[in-house]
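In this note's numbering, the protein residues as written are 82 to 151. Here the structure is laid out as structure tokens; the discussion comes afterwards.
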Amino acid sequence: TAGQLRGDGMPRFRVIGDLQPANAAKLYLRVMDGHAGNDPHSDTPDYEFSLTLDEVWGAFGNAGSGTLSG
């Protein structure tokens, strides 16, 4: 909920997004456990996603399920 997002508690997940310099339409997301703390594996992603944003996404922001692929 919005209250939990604004709260002082530790987030459940950390999400890091990277844009590829050679291709700005490519977006990479890594999702990590937010409670891992100082564990040596705390920066190891639990999930990784690769997204391709097409010209429709840039024009409208939400043009249906076919807009994001990866």
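Don't be surprised by glycine CBs; every beta carbon is placed ideally from N, CA and C. Please read these numbers as outputs of a predicted model, since none were measured by experiment.
- [ ] Name the residue from Asp127, Leu134 and Gln101 whose alpha carbon lies nearest to the alpha carbon of Arg111.
- [x] Asp127
Open item on the list: Would Leu132 and Leu108 be called neighbours here (beta carbons separated by less than 8 Å)?
Closed with: yes
TODO: Note down, in chain order, each residue of its chain lying with its Cβ closer than 6 Å to the Cβ of Lys134, except the 5 sequence neighbours on either side.
DONE: A small fix is needed here, since residue 134 is Leu in this sequence, not Lys. These residues qualify, in order along the chain: Ala106.
Open item on the list: Quick check on DSSP: helix, strand or coil for Gly88?
Closed with: coil
Task: Extent of the continuous beta strand (DSSP E) to which Asp127 belongs - done: Taken as a continuous stretch (DSSP letters only), Asp127 belongs to no beta strand (DSSP E), as it is neither H nor E.
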